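Numbering (UniProt numbering), first residue to last: 1 to 252.
Worksheet for the structure shown next.
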């Protein structure tokens with residue numbers, strides 16, 4: 001691992017803290033913020049390694065914050081979505097070398113921005129109860145396919161949970177369960193790939209305290225939000241995330 005300057009360390013810790021605040025507030029976007037920020041001044045492989053420990057641990061905290069019973073209940077209620085996302089990620093990841101990834105940043109980013117802006121304008125997009133089983137399979141398949149091909153399934157998962165009017169506390173747990181399962185696979189994959197090793201692991205672990213401190217602040221902010229404000233803030237973060245995906249599609 002390259003020796004980092006004090007300025008590099010200060011920037012990296014600040015990015016991890018800010019990402020933790022957003023994660024604690026709305027339950028997602030920590031990897032997006034950290035990888036975007038760190039890769040702007042670090043080697044991409046080191047930036048990727050830098051997010052892994054924080055992604056794994058913060059998802060674990062998010063899952064367990066409401067207690068193990070809440071996590072178990074979330075997994076039971078959304079087991080279809082979980083199963084199809086994991087299977088689709090595994091299956092479509094095998095196609096990454098065959099299809100230009102930039103296409104999928106556009107395919108994911110443009111609808112996320114559009115649907116989020118529509119809802120911010122006051123239009124309610126909801127899935128009625130009698131169609132939710134079909135929606136779980138269908139949207140789960142789309143999310144998993146985009147996860148395998150473009151590396152992110154968070155935005156579509158959040159849009160789905162908003163559309164079925166998931167209460168704030170449950171949404172945080174469900175997101176943690178879904179992202180937590182993915183983060184375990186991600187860490188194992190990069191232990192195998194060599195991205196996460198003895199050197200880069202030290203850097204990744206060093207950013208964890210800042211991410212956890214930020215998440216603690218974010219949790220306090222989240223606790224003060226009512227359901228309407230939580231949804232609005234979540235949609236704003238989705239717009240920013242979607243714009244970043246479009247940017248990655250443009251720049252490659």
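All C-beta atoms, glycine included, are put in the ideal place defined by N, C-alpha and C.
Here the structure is a predicted model, which is why all the values come from computation and not from measurement.
### Task
Note down, one range per segment and in chain order, each alpha helix (DSSP H) of at least 4 residues found wholly within the stretch 42–77.
Restricted to the stretch 42–77, the alpha helix (DSSP H) segments that are unbroken, complete and at least 4 residues in length are 44–64 and 68–77, listed in chain order.
### Coil, strand or helix - residue 138 by DSSP
Helix.
### N-terminal and C-terminal residue of the alpha helix (DSSP H) that residue 125 is part of
Per DSSP, residue 125 lies in no alpha helix (DSSP H) and is assigned neither H nor E.
### Message
Taking 8 Å as the threshold (C-beta atoms), are residue 139 and residue 160 in contact?
### Response
For residue 160 and residue 139, yes; Cβs fall inside 8 Å.
### Status (buried if at least 16 other CB within 10 Å, exposed otherwise) for residue 144
Within 10 angstroms of the beta-carbon of residue 144 lie 16 or more other beta-carbons, which makes it buried.
### Task
Taking residue 33 as part of the alpha helix (DSSP H), name the residues at either end of that continuous run.
That run of the alpha helix (DSSP H) goes 30–38.
### Spatially closest choice to residue 49 from 192, 215 and 84, by CA coordinates
Residue 49 has its Cα closest to that of 192, out of 192, 215 and 84.
### Query
Is the distance from the Cβ of residue 155 to the Cβ of residue 27 below 8 Å?
Their beta carbons are not under 8 Å apart, which means residue 155 does not touch residue 27 by this criterion.
### Query
The alpha helix (DSSP H) spanning residue 183 covers which residue range?
That run of the alpha helix (DSSP H) goes 168–193.
### Task
Check whether the stretch 174–185 touches the stretch 46–63, counting contact only when three or more Cβ pairs, one atom from each stretch, lie closer than 8 Å.
Segments in contact, yes.
### Buried versus exposed, by CB contacts within 10 Å (16 or more), residue 222
Looking at its Cβ environment, which holds 16 or more other Cβ atoms inside 10 Å, residue 222 is buried.
### Query
If you count every other CB in all the chains shown that lies within 10 Å of the CB of residue 114, and 16 or more means buried, which is it?
By the 10 Å Cβ count, residue 114 comes out exposed.
### Query
Nearest CA to the CA of residue 35: which residue from 21, 16, 23 and 238?
Comparing alpha carbon positions, the residue from 21, 16, 23 and 238 closest to residue 35 is 16.
### Query
Per DSSP, what kind of secondary structure is residue 25 in: helix, strand or coil?
Of the three classes helix, strand and coil, the one that applies to residue 25 here is helix, per DSSP.
### Message
On a Cα-Cα basis, can you pick out the residue from 122, 87, 29 and 165 that is closest to residue 51?
### Response
Ranked by Cα distance from residue 51, the options 122, 87, 29 and 165 are led by 29.
### Message
Please report the distance separating the alpha-carbon of residue 45 from that of residue 133.
### Response
For residue 45 and residue 133, the distance between alpha carbons rounds to 39 Å.
### Message
For residue 54 and residue 196, which I take to be in contact (beta-carbon distance under 8 Å), what is that distance rounded to the nearest angstrom?
### Response
Taking C-beta atoms under 8 Å as the contact rule, residue 54 and residue 196 fail to qualify, at a distance of about 12 Å.
### Message
Using a 10 Å radius around the Cβ and a threshold of 16 neighbouring Cβ atoms, would you call residue 235 buried or exposed?
### Response
By the 10 Å Cβ count, residue 235 comes out buried.
### Query
Going by C-alpha distance, which of 25, 117, 111 and 165 is nearest residue 129?
Ranking 25, 117, 111 and 165 by Cα distance to residue 129 puts 165 first.
### Query
Can you give the Cα-Cα distance for residue 142 and residue 56, rounded to whole angstroms?
Pairing residue 142 with residue 56, the inter-Cα distance amounts to about 23 Å.
#### Entry: Rounded straight-line distance, which links the Cα of residue 213 to that of residue 331
With the chain covering only 1 through 252, there is no way to say anything about residue 331.
### Message
Can you find the residues in the same chain that come closer than 8 Å, C-beta to C-beta, to residue 120, ignoring five residues on each side of it along the sequence?
### Response
If we look at residue 120 and ignore the five residues flanking it on each side, its Cβ neighbours are 232, 235, 236 and 239.
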